[in-house]
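*Asks:*
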Amino acid sequence: MFQPESEAMPREDLEKLQLDRLNALLARVYDRVPLYRSKFAEVGLRPHVDSLANLAELPFTVKDDMRAHYPYGMFAVPRRDIVRVHASSGTTGQITVVGYTQADISNWADLMARTLACAGATPDDVVQVAYGYGLFTGGLGVHYGSERLGCLTIPISGGNTRRQVQVLSDFAVTVLACTPSYSLLVAETAEEMGIDPRSLPLRIGVFGAEPWSENMRAQIEEHLDVRAIDIYGLSEVLGPGVASECVQQDGLHVNEDHFLIEILDPKTLIPVPDGERGEVVFTTLTKEGIPVIRYRTRDISRIIPGECPCGRTFRRMERITGRTDDMLIIRGVNVFPSQIEQVLTGIPGVAPHYQVVLSKRGSMDTVEVHVEVAPDLAFDEVRELEELQRTVRSEIESALAVTIGVKLVEPRSIERSEGKARRVVDLRGEIEGA
Amino acid sequence: MRQVIEQLSVFLENQPGRLAHLCRTLGDAGVNMRALMVADTQEFGVVRIICDRPLTGKVVLEEAGFGVSVAGVFGVEVPDKPGGLADVLEALGTEGINVEYAYCFVEPGMTGAVDVLKVDDDRAREVLESAGYRVLRPSDLYEPDKGD
């Protein structure tokens, strides 16, 4: 543990610290950020809470607030106190800009040092930072944390995969930080170059900045012979360093002394109990440059109840399982397509290719999941296929807590697409019109 | 597998034209069918095919996007008389051997019908032969090929 006095703090002390920091934050943004002053005025709130439970009464911040106040409008300090900006690429619109003070940069380095230590790294490690350096937070975020922990740090940035492999090998790199998908490209490139990636000294992979699955983790660990660790962050809240897995690989510890996490029902926006899935919302407790109150990430996760054997007292969030934009509501239950995919990867005999088909029988909405049988399945006996269908159905039902039909379809019959797969087909309108 | 008949089992969704497409694919590849049987449920079917070149059949069907597996089945020559098949099945039943499914076809040049049996029991061949039945070898129905 890089900062055991914080990371293993008793919950009672932590909650007291959180409340103090939250109230200091509220006073600060109320004074200095016009947007928050007007948000508080709209709902008639004073910038003070008596307990953490009152957090749920505070107004939200959304990405559009940041866009509307581009570039500096949400900064909570004079511009001369900002020492760095990062920006997130806008795939849908304007980029959003975030600013950091000296203290923010230093806290961030601590949090990333925690992240790397959490993954099992020590000052003896050699860290290759293959996230992009630049406006993207990944490269510099990991870089500062790696130096803060005391690791030998290689600022290679992204791209030029053959050179990445050469450096991994020549510099005896032990920790690779990049996106999970890029690590697989590195492994494949090594093989093409005649270097067995499993024979490299590499022992830890620190992967984030895109959603990935347990299935992908297994592949990466197999190909690179590393412990693959999931890290989480977003530039609007900090960048990497918001939450990270420990060596238990069972959920990401949220740095709760710096961030308050809430999980909300995406429809009602009311907090759900620990263990239930919903939209992840963060409040920054210590950020000076651009603090956010209840920032809606649109990411879906849940709090994993219970203590972690690693000794950290920070609660764990599950790896991101989807985006609120992809959510379906089936008979009143929130369902994320990625949950279905997760179930399917665990069942031999079916491929993780599926489509959720919504249709109407009379006035009733019906939902059926179409699942491809694996091309190498022994198809001969109808009994076995029916058994497979029942298995898929009951596994999906127990994971999603909703009754759902399952139809087995032929291998490769579900349309593949280059970009986002078309996971949901809505036939309700077509049938009504027929 | 050398002693059993290789049957193609194809997973098919219940959709108009799908079975026709399967048969056309085999036909275009010059694969001749001896027998075809469809086991269907409400939503899907399994098509079972005995043909003259099972490996070629499997390859061309897979190329065309079908899910195909090869199952080993027994072919038994059954006397062409009332109760002929019942005798065969009783011979297995008294030994406690379960038949998963069965279907028949007539092979030109043989005196009786050919009954195809799917049996998951190693004793089946021995039981049938000692009851006096002829259990067909692959070479009785097709020249084993290598899928071209």
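Top line first, the protein sequences correspond to chains A and B.
Under our numbering, think of the first position of the first sequence as 1280, with each following residue one higher.
Under our numbering, think of the first position of the second sequence as 4, with each following residue one higher.
Ideal placement from N, C-alpha and C gives every residue a C-beta, glycine not left out.
1) Look at the alpha carbon of R1715 of chain A and the alpha carbon of G1625 of chain A, and state the distance between them as a whole number of angstroms.
2) Examine the Cβ distances between the stretch 50 to 66 of chain B and the stretch 1640 to 1648 of chain A and report whether three or more of them are shorter than 8 Å.
3) Under the three-state reduction of DSSP, which class applies to L1455 of chain A: helix, strand or coil?
4) Please state the DSSP three-state secondary structure of E80 of chain B.
5) So I1435 of chain A and V1408 of chain A are in contact, right, with Cβ under 8 Å, and what is the actual spacing, rounded?
6) So is A1396 of chain A buried or exposed if we call it buried at 16+ other beta carbons inside 10 Å?
7) Which chain B residues sit within Cβ distance under 8 Å of P1654 of chain A?
8) To the nearest angstrom, report how far apart V175 of chain B and G30 of chain B are at their CA atoms.
9) In chain order, which beta strand (DSSP E) runs of at least 3 residues are fully inside the stretch 29 to 84 of chain B?
10) Alpha carbon to alpha carbon, how far is A1332 of chain A from V1521 of chain A?
11) If I follow the unbroken alpha helix (DSSP H) through A1396 of chain A, where does it start and stop?
12) Out of A:L1706, A:D1705, A:T1440, A:V1406, which one is the CA nearest neighbour of G1429 of chain A?
13) Can you check DSSP and say which residues form a bridge with C107 of chain B?
14) Are the CB atoms of V1661 of chain A and V1629 of chain A within a distance shorter than 7 Å?
15) Can you tell which of A:D1360, A:D1475, A:N1534 has the C-alpha that lies nearest to the C-alpha of L1296 of chain A?
16) Nearest-angstrom Cα distance between P85 of chain B and G78 of chain B?
17) Considering only the beta carbon of each residue, do R51 of chain B and Q10 of chain B sit closer than 7 Å?
18) Which term fits V109 of chain B, buried or exposed, when burial requires 16 or more other beta carbons within 10 angstroms of its beta carbon?
19) Would the stretch 1539 to 1558 of chain A count as touching the stretch 1613 to 1623 of chain A if we require 3 or more Cβ pairs under 8 Å?
20) Would you please state the rounded distance, in angstroms, between the beta carbons of V1308 of chain A and A1355 of chain A? I believe it to be under 8 Å.
21) By DSSP's criteria, A1366 of chain A is part of a beta bridge. Which residues make up the other side?
22) What residue range is occupied by the uninterrupted alpha helix (DSSP H) comprising H1502 of chain A?
23) Which same chain residues, not among the five before or five after P1350 of chain A, have their C-beta less than 6 Å away from its C-beta?
24) What are the residues of the stretch 4 to 37 of chain B that lie near chain A, defined by any Cβ-Cβ distance shorter than 8 Å?
25) Buried or exposed: which applies to S1330 of chain A, given that a residue is buried once 16 or more other Cβ atoms fall within 10 Å of its Cβ?
26) Does H1327 of chain A pass the burial test, meaning 16 or more other C-beta atoms within 10 Å, or should it be called exposed?
27) Cα separation between L1531 of chain A and S1492 of chain A?
28) Which class does Q18 of chain B belong to by DSSP, given the choice of helix, strand or coil?
29) List the residues of chain A that V162 of chain B touches, going by C-beta distances under 7 Å, in chain order.
30) Given L131 of chain B, which residues of its chain have a CB within under 8 Å of its CB, disregarding the five upstream and five downstream residues?
31) So is F47 of chain B in contact with chain A if we call contact Cβ pairs under 7 Å?
*Replies:* Inspection of the coordinates gives the following:
1) Absent from the model: residue 1715 of chain A. The displayed extent of chain A is 1280 to 1713, so no value can be given.
2) no
3) strand
4) strand
5) 7 Å
6) buried
7) E65, G70
8) Outside the displayed span of chain B (4 to 151) sits residue 175 of chain B, for which this structure offers no information.
9) 36 to 43, 47 to 54, 70 to 81
10) Rounded to the nearest whole angstrom, the CA to CA distance from A1332 of chain A to V1521 of chain A is 21 Å.
11) 1381 to 1397
12) A:V1406
13) B:D118
14) no
15) A:N1534
16) 19 Å
17) yes
18) exposed
19) With a cut-off of 8 Å on Cβ pairs, the stretch 1539 to 1558 of chain A is in contact with the stretch 1613 to 1623 of chain A, counting three or more such pairs.
20) 6 Å
21) Answer by DSSP bridge pairing, in chain order: A:V1376.
22) That run of the alpha helix (DSSP H) goes 1493 to 1503.
23) V1376
24) Those would be Q10, S12, V13, F14, L15, E16, in chain order.
25) exposed
26) Burial is judged here by how many other beta carbons sit within 10 angstroms of a residue's own beta carbon; H1327 of chain A has fewer than 16 and is exposed.
27) 14 Å
28) Coil, per DSSP.
29) It is not possible to answer for residue 162 of chain B, since the shown part of chain B is limited to 4 through 151.
30) F77, V79, V91, A94, L95, V138
31) yes
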